[in-house]
Every structure is written in structure tokens, then in C-alpha cells.
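K.L.:
Residue numbers (my numbering), protein chains in the order written: chain A, 5 to 208; chain B, 5 to 208. C-beta: ideal position from N, C-alpha, C; glycine also.
2 protein chains.
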Amino acid sequence: MDKNLKRMATMHRMQVTGMELFYEQGYYNTSVDDILKSLELSKGAFYYHFQSKEDFFISIIQNLIVQKVYSTLIEPIEGNKNPLTVIEKSIDNALQTAENNEMDYGFVVHNFLTEFNGRNETISRYLRDILKIWEVNIITLLQKGKTDGYVIRHVSSEAVASFIISSYMGIRTLMVEGNPRILRYNYISQLRSYLNTMVERELA
Amino acid sequence: MDKNLKRMATMHRMQVTGMELFYEQGYYNTSVDDILKSLELSKGAFYYHFQSKEDFFISIIQNLIVQKVYSTLIEPIEGNKNPLTVIEKSIDNALQTAENNEMDYGFVVHNFLTEFNGRNETISRYLRDILKIWEVNIITLLQKGKTDGYVIRHVSSEAVASFIISSYMGIRTLMVEGNPRILRYNYISQLRSYLNTMVERELA
DNA sequence: AATCTAACCGACCACTTGGTCGGTAAAAAC
DNA sequence: GTTTTTACCGACCAAGTGGTCGGTTAGATT
């Protein structure tokens, strides 16, 4: 069973490096050779573990990207607290991480989605599914927030969710080459004022 | 001077086709040969008119993309009317155009910005400049809206502008593979309620 | 000790990439 | 009517591209 460990270790190394390079340079602009050179591995090793470049990328989505989205955007909003506060906080945290990342190139899912949208149905489906999971979680949270008396009932949870996701994807792109500190501060201030429009004020 | 006309015509044909293919498939995923094949022109023709693929793309930005942004997003908000109404309307129109476009791949500027961000400083600067122009126009409009009594004074025009731009960029990406009709409707409803937070109510 | 196999090597393949360059037909300039 | 210039052709180039395949080696299995 030691062999299996080595297999997993090598595949994981490849995925991590592949993810880095794809994220930095884009999928089409990164060759398999680029990744292999950076890993000091050979073509043989690559095609022993993966069927194709596309297959390799899909494994990266499933193993690394899904996990990242879960840990930064989904898990932080689980629970029974005030949805509006929790959402704002999770997004602020995600933006802070980006801000502190010297090599930030934007929201991973979004960048790849842009690159594959309408060009590779298989891959873009995987990516859209990830966004969908995030979306569903926000919607569920908001619905629960209504019954718990945090959120006013007449807003459309679906509409709010996709508005939040949209604005997040956009600000992440702007932050790449702009002043991330100011952009984040401004963004959060506006997000807050937007979220405030749907706060349920308790009856006095 | 007839020659100059032909020159311009050919260059323009190339730019239009190049724009189409780059937009549909991405810059790195579209070869010069692809464009030439679609135009039934030769390598010689291409490199007679343009120095390089990059030079060609820059000419597309300057001739086609800038113009498109101006006509759809900037000119519609010029004037002395209520900024909040005007902005909402211009964005709704832009989204409607996208919705009716069978071959929509998202917001042109944003897609290319994502592809070049951190990878080609020259090109991403051009693209960021376009966004900057849009941003400045929104900011100016909002400031004027304050003095004209449409917009409450204590909001940050900069923050509002980048929030609007962010959300627009994001929703355009979501619309590519989602249900554009519903997404647009929902988005506009949320944008409206966001913009409503900064309406100056006239003193009774 | 002999065998087998997982993991990896690297030469090789057909094809594509952005870009060059000598040529050419037709129109403009003289 | 000759020369020059414009606009374009297409063969060619070096450097990649994703992918194949016959080998090699270290360690597990027998």
C-alpha cells in the first residue's frame, strides 16, 4: 500500500503545480511541458497518471478548486447566525486573503469559467456546478434567515444570491491590478449598505 | 487616395473578424491562421498591415472595443437627468442586448481583462483604461447628481461606481451559460434596490 | 532468487504556432 | 510608357504543441 501513497503524492504534486501555472498563465497559455519542467518530471510520468491535459485539469477542479471554494466561501456561512452578517464576513475574509496574496490573479473559478465558457462544455459545466453550490448555499441561508426573523420576507433569495455572487466575481477581477485595499474597503461598504436593505427590523 | 480606402477597408475587415474570433475563443486559443482562413487572406496580407498578433489586438481594442463601450455604457449616461435612473437604464439596455445575442460570451472588456491580467501588462493596461473611463463617467455623474439633489451626499461616488461595475461584470459572466432572462430580471431588481439606498428624498 | 509491475524516462511524432521573405499583379506617379 | 509603390501571396522557418511508445529501474510478490 506504500505504492498507492507514492502514486497519490506524485499526482498531488502535479495537480498543485498545474493549478498554480494554469491560474497564473491561463489554461491554453500553459503547456504540459511547462508544468513538467517546473516539476522536473517527464512526459511519461504525466501521461502515466493522466489521460490528457483536459483530464488533468478536471482532476484539479475536483481535488483542489472545489475544496478551496468550500473552505473559503461555503463552510464559513454554515450555521444559524444572521445570514447577512455571515455572508458579509465570509466575503470580507475572502477579499482579505486575496489582498494579502502577492500573486493574486482573481477568483479562480471565475477566471477559468471565463476561459472555458462556450469553448469547453465539459469543463465549464464543472465550474458552473461549483458556483451553483455556492449559490444554493446562500439561498438556503437566506431562506432560513427569513424564518429566523433576520431577513425581510419579500426579497427574492435567488436574486440576492446571484447579485452577491456577481459583485464578488467582478470586484475580484478589479482587485488584481487595482489598489486591493481601497477596493475591498469600498466594496464591503457598498455590500453592507445593499444587505442592509433587507434587514428585518424587530417590531418595537 | 483610393488606395487608402482599400487599406482601411481590409484592415477593418481583419479587425472585425479578429474581434469575433478572439471574443468567441479567447486570444491565446485563436491563431492568426484561424483568422486568415476565415477571411480567405494570407499571412502576407496580415503582416503587411500589422506588426504582430499583439499589435493587431491592440488595434482592435482601440478601434472596436473602445467604441462599443462608449456607445453602450458611456454615452447613454451623459446628460443632466437623474443619475440613478440613467445608470439603471443603461445597464438594463446593455443586458438586454446581451440577452438577445445568440452568441454571447460575456462582457468583452472583462473577458479579455481576465485573460491578460498579470500576463500582458501592455494589453491589460489598455483594457483597464477603458474601465477607468467608464468608472470616471459614473463618478462624475453621481457627483453632479449630488449637487442636483438626486443623490444623497454622504455616499462615496467612487465606492458606488466600482460596486456597480463589479456587479455588472459578474452578472454578464453568469448570463453566458445561465438563463439570461431571469438573471437579468433578478439582477436589475437588486441593482434598483441598491441604488434606492442613495436616493435623495426631497424635503416635504 | 526470479518474476512482475508501478512509476517514470525521454526520444519521437504529426501538427500548429507566430513570424519572415522573396516574389507578383495592378494601380498610381512620373 | 516606364518606374515606383501598394497590397497581397504562399512557401518556409524555428520553436513549440499535445500525445505516443519502447525502454529502464526500484521495490513488491512469489
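With 8 Å as the threshold, decide whether the Cβ of Ile191/B is near any Cβ in chain A.
P.N.:
Going by the sequence as given, residue 191/B is Tyr instead of Ile. Yes, because at least one Cβ of chain A sits closer than 8 Å to the Cβ of Tyr191/B.
K.L.:
With Phe116/B and Arg176/B assumed to form a contact (beta carbons below 8 Å), what rounded beta-carbon distance in angstroms separates them?
P.N.:
That pair is no contact at about 13 Å.
K.L.:
With burial defined as no fewer than 16 other Cβ atoms inside 10 Å of the residue's Cβ, what is the status of Tyr191/A: buried or exposed?
P.N.:
buried
K.L.:
Can you confirm whether Asn163/A, when its beta carbon is compared against all beta carbons of chain B, has any partner nearer than 8 Å?
P.N.:
Going by the sequence as given, residue 163/A is Ala instead of Asn. So yes, Ala163/A belongs to the interface.
K.L.:
Do Met179/B and Glu103/B have their C-beta atoms closer together than 8 Å?
P.N.:
yes
K.L.:
Can you tell me whether Val159/B is helix, strand or coil according to DSSP?
P.N.:
Taken through DSSP and simplified to helix, strand or coil, Val159/B comes out as coil.
K.L.:
Could you work out which residues of chain B lie near Gln194/A, taking near to mean beta carbons separated by less than 7 Å?
P.N.:
Ala163, Val164, Phe167
K.L.:
Please state if the CB of Glu28/A and the CB of Gly30/B are separated by a distance shorter than 8 Å.
P.N.:
no
K.L.:
Can you determine whether any heavy atom of the ligand HEM sits closer than 7 Å to the C-beta of Ile137/A, and answer yes or no?
P.N.:
Summarising the ligand content, the structure contains no ligands, and the ligand HEM is consequently not present.
K.L.:
Using only the alpha-carbon positions, how far apart do Lys148/A and Arg157/A sit?
P.N.:
10 Å
K.L.:
Cβ atoms of Glu181/A and Asn121/B: under 8 Å apart, would you say?
P.N.:
yes
K.L.:
Under a CB-based cut-off of 8 Å, is Ile137/A close to chain B?
P.N.:
no
K.L.:
If we count the other Cβ atoms within 10 Å of its Cβ and call it buried at 16 or more, is Gln194/A buried or exposed?
P.N.:
Burial call: buried.
K.L.:
Listed in chain order, which residues of the region 108 to 121 of chain A have Cβ atoms closer than 7 Å to some Cβ of chain B?
P.N.:
From the region 108 to 121 of chain A, only Tyr109, Gly110, His114, Asn115, Leu117, Thr118, Glu119, Asn121 have a Cβ closer than 7 Å to chain B.
K.L.:
In chain B, which residues lie with their C-beta within 7 Å of the C-beta of Thr89/A?
P.N.:
In chain order: nothing, as chain B lies at least about 18 Å away.
K.L.:
Could you tell me the alpha carbon to alpha carbon distance between Val67/A and Asp108/A, rounded to whole angstroms?
P.N.:
It should be pointed out that residue 67/A corresponds to Asn in this sequence rather than to Val. C-alpha separation (whole angstroms): 20 Å.
K.L.:
From what residue to what residue does the alpha helix (DSSP H) around Ile81/B run?
P.N.:
Note, Ile81/B: premise wrong, no alpha helix (DSSP H); not H, not E.
K.L.:
Could you tell me whether the Cβ atoms of Ile69/A and Ile81/A are closer together than 8 Å?
P.N.:
no
K.L.:
For Val203/A, write down the residues that DSSP places opposite it in a beta bridge.
P.N.:
Val155/A
K.L.:
Determine whether the Cβ of Leu77/A lies closer than 8 Å to any Cβ atom of chain B.
P.N.:
no
K.L.:
Distance, Cα to Cα, Val203/B vs Leu77/A?
P.N.:
32 Å
K.L.:
If we call anything under 8 Å between Cβ atoms a contact, is Val155/A one with Pro87/A?
P.N.:
For Val155/A and Pro87/A, yes; Cβs fall inside 8 Å.
K.L.:
Label Arg185/A either buried or exposed according to how many other C-beta atoms from any shown protein chain fall within 10 Å of its C-beta, with 16 as the threshold for buried.
P.N.:
Around the beta-carbon of Arg185/A, fewer than 16 other beta-carbon atoms lie within 10 Å, marking it exposed.
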